[in-house]
Structure formats: C-alpha cells, structure tokens
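Counting in the numbering used here, the sequence shown runs from 15 upward without gaps. Quick reminder that beta carbons are idealized off the backbone N, C-alpha and C, glycines included. The model shown is predicted, which means the values in this text are computed figures rather than measured ones. To keep things clear, I will list the structure first and then write my remarks on it.
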Amino acid sequence: MENKFLISLTKKYESPLYVYDAEKIISQYNRLINAFSSVKKLKINYAVKALSNISILKIFKSLNAGLDTVSVQEVQLGLKAGFAPHDIIFTPNGVSLEEIEQAMGLGVQINIDNLSILEQFGQKYPKVPVCIRMNPHIMAGGNSKISVGHIDSKFGISIHQLPLIHRVVKNTGMLINGIHMHTGSDIYDIDAFIRATEILFDSARDLQDLEYIDFGSGFKVSYKEGDVETDIEELGIKLSKKFNDYIKSTGKDLTLMFEPGKFLVSEAGKLLTSVNVVKQTTSTVFASVDSGLNHLIRPMFYDAYHHIENISNPGGKERFYTVVGYICETDTFGSNRQINEIKEGDVLCINNAGAYAFSMASNYNSRYRPAEVLVYQGKDYLIRERETIEDLVYKQVEVDIDL
Ligand SMILES: *Cc1c(COP(=O)(O)O)cnc(C)c1O
C-alpha cells in the first residue's frame, strides 16, 4: 500500500488507525497451502487470537480454512463469522470442565491439554471424540517468553506421560481422534521442528481412532530486513514426505493440520500513528505519538522489534529517534531508530501490526481503541469503528455510596 493512500486513510478514519491488507493475508495462506500440496488431506486452522475481527475471520472462511480457538468466546466469534462447528478446534489451556462442556455443546472439536480434565471428560462423555495436546519438549526457537514446548512449560501433556494417557483411554473407553502439539512462536530450526513431529508420529501409532495430526504453529515471520523467517517451503518438503510415508506405513488416512496466527496476518497489518511532539533531550530525540502500549504492547511485553517508518517524509534526511507512546508508562515503540526526519503532525507507520496487536489492545489510561480498516484491491472497508466515551462507561454501574 502506498504512503499517500495510507495517509489519506488517517484523514478519512482518524489517527491512530489499524490497516490490514487482505491480499497479503491471502498470499500467505496460499503459500502455506502450496508448500504442502503433496499432502492429500491438509487443513489450515487460523489462530483467532492473533487478530479476531469478524471480517478477518470471514476472509479465512472464504479461503476454506478452519479456526483454532482458545476460549469459548472465540468459538462464538467463529460461529458468528459463519464457520461450521466442525471447522473449529477449541484448544484452551487450563480451563474448567464447564468451559469445555460449553464448547462441546456448540459442536466444535475439543482439544485437551491435561490428564485431569482428560480423565474427567472421558468418564462423562466417552463417545465424544477429543484431540490431545502433547508437549514433545523440543525447543524450535529461542525466546522463552514465547516458546511453549520446553520441559517446564505449562502447555500440553508431557510426552513422558504417554503411558498415563493410554491408561485413561483404556479405562474410560474414550475416543481420541486427534493429536496435537504447539511448540510456540519462533520456529527457525526446521530440523528441531521435524524432531518434534517425529515424537508426535510415534505417540500417534497406538491411537486407533486417529483422524488427524495437528502440528500447531509458531512460524516465524520477518520483522526487519535480514530477519530469519521459517522456511515454509523447506518445511513443506521435509514434513510432507514424513507425513506421506507415515500414512503409507500405518495405513491411517490422516489429515495434516496447522494452526498459524502470526504467519497469516502479522505482515498484513500496519498501525498508523501521528506524531504529537518532537522532544529534544540531552541524550536523544523523542517522537511522541498518539498511541502507546494500549494499542500495541508487543515492543514492551516481548521486546519485539517493529519497524517504524515516517510515511509523511520518506525522502527526508535520516536522524535518530526514540519513538514513544502517550501512556503514563514507559511505552517505547523503538529506541534510537534511524528514521527520516520527523516533524510534529507526521504519520508514522509501525509494521507487522496484524498479529497480537489490536487483539491485545486495552483501554488503559481510558484511551479509545483505534478503528480497523481492511483494504482489498485498492478499496478500504471500515471493519471496526473507533471507540467513544460510551464504550468506556458501557457496563459500568454508577453507585453513590452514602459516606
Ligand atoms: C497462539 C496459538 C497459535 C498461533 O501461534 P502463532 O505463533 O501466532 O502462529 C496456534 N496454536 C495455539 C494452540 C495457540 O495458542
């Protein structure tokens, strides 16, 4: 999308503004499909939590994707977007049996990540098929804040507890139709990932009712020039072969599943924000923008790098800036970044704002969450309005206590 067009959107819908490129979402989806084209049964379930706007979910519906959901509310959003229950997987962690029963009531595929609930569920509903989330204890990436496959991770049932799973299945007579792992974000070591899939293949061997193997996600995308991305094409070649060999040798007609969030939507999103103040101090020049950790928390929460451009002055002389938000916290988007000269009123574009950006936004400091706009074939569609004061007081109950 061209700078002029993006700036015109901030005039039309006001700043700050989230903008999503539908074509980028579609091309990422097709890239994944193409990488696994030799697998007969392939299903991509989009991880709703990355970006949960219903109009985005509808794009995935049109692409024939399914959904991966982590709360009953995400299941409901998916149903609202028109997904059939059997195209939705419910993969929560640490939730109550009641919430799992609610999801079951809505008819979606259940994925269970602990032995206690597995046993309780199996005793009550032995005929309802469930998937089990395993933890293969393989790290395919670096950052422990976002890696969930290591030995002390809270996610999944440890591979070392496989005999206990078998005991529960035998005692309850329950049906296991899927096996799943999600080792967390940041897969850049394909061979480590393949080792984890081999563990999953092995543990799947003795499950009689198996219909699919879900390899989760954690595909890494590029946040800046020179970043290592997950080589989807290499993964496609290596894992497709393993998978096809496996179904041949076991005679099981299985579906291969993935559930990416970041890979599908991260690069499609931009956060546009205007510069309120340029402030020279003795150590740096701050550019203070009309946004903050209330709109995009990844830089502060995960130390994530998000590339920042001055789209109002792309040819300007480059200088060093520290770009900060307007929240009463240290909410630094980027320190000492080389950016084309910034004047007050300029529009900055923060990249990779599609995944875990708006969906993690809050009303902290009683600020409104921005509008969201979807762009497809050069046309812009408002898919969420900017909030107003009514949204901030909605659901509040005003009580005057007699003091
Ligand atoms: C968050 C999540 C995903 C998506 O992860 P990405 O890194 O965004 O691709 C997939 N599966 C589960 C179970 C998740 O919790």
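Query	Result
For lysine 159, does the count of other Cβ atoms within 10 angstroms reach 16, so buried, or fall short, so exposed?	Note that lysine 159 scores 48 on pLDDT, short of 50, meaning its location in the model is unreliable and no value can be drawn from it.
Kindly list the residues whose CB is nearer than 6 angstroms to the CB of aspartate 127, restricted to its own chain and excluding five residues on each side of it in sequence; keep chain order.	Asn107, Arg147 and Gly170
Would you list the residues sitting across from alanine 385 in a DSSP beta bridge?	Leu31
Which runs of the beta strand (DSSP E) spanning at least 3 residues fall entirely within the region 346–376, listed in chain order?	346–354 and 361–364
Of all the options Asn377, Val299 and Arg398, which has the alpha carbon lying nearest to the alpha carbon of valine 407?	Asn377
Determine the closest residue to lysine 244 out of Ile213, Ala49 and Ile204, with distance taken between C-alpha atoms.	The residue asked about is misnamed: residue 244 is threonine in this sequence, not lysine. Nearest option by C-alpha distance: Ile204.
If you draw a straight line from the C-alpha of asparagine 290 to the C-alpha of asparagine 365, how long is it?	19 angstroms
From this set, Leu31, Tyr316, Tyr27 and Lys38, which residue's C-alpha is nearest valine 279's C-alpha?	Lys38
Buried or exposed, going by whether 16 or more other CB atoms sit within 10 Å of the CB of proline 274?	buried
Beta strand (DSSP E) containing tyrosine 226: first to last residue?	226–228
Considering just the uninterrupted stretch of the alpha helix (DSSP H) at leucine 406, what are its terminal residues?	403–407
Near isoleucine 173, what residues of its chain come up, given a Cβ to Cβ distance below 7 angstroms and the 5 sequence neighbours on each side ignored?	Met148, Asn149, Pro150, His151, Ile213 and Ser217
Tell me whether histidine 180 sits in a helix, a strand or coil according to DSSP, three-state version.	helix
Which two residues bound the contiguous beta strand (DSSP E) that contains alanine 218?	Not the beta strand (DSSP E): alanine 218 falls in the alpha helix (DSSP H), residues 204–218.
Taking 8 angstroms as the threshold, find out whether the region 91–110 comes into contact with the region 66–73 through three or more Cβ pairs.	yes
Looking at ligand 1, does it come within less than 7 angstroms of valine 86, judged from the CB to the closest heavy atom?	no
Hey, out of Asn17, Lys276 and Val33, whose CA is closest to leucine 396's CA?	Val33
To which residues does DSSP link histidine 194 through a beta bridge?	Arg147 and Asp228
Using 8 angstroms as the Cβ pair cut-off and three pairs as the minimum, do the region 261–269 and the region 20–36 touch?	no
Could you give the residue range of the alpha helix (DSSP H) that holds isoleucine 261?	246–264
Are there any heavy atoms of ligand 1 lying less than 7 angstroms away from the beta-carbon of glutamate 273, as far as the coordinates show?	yes
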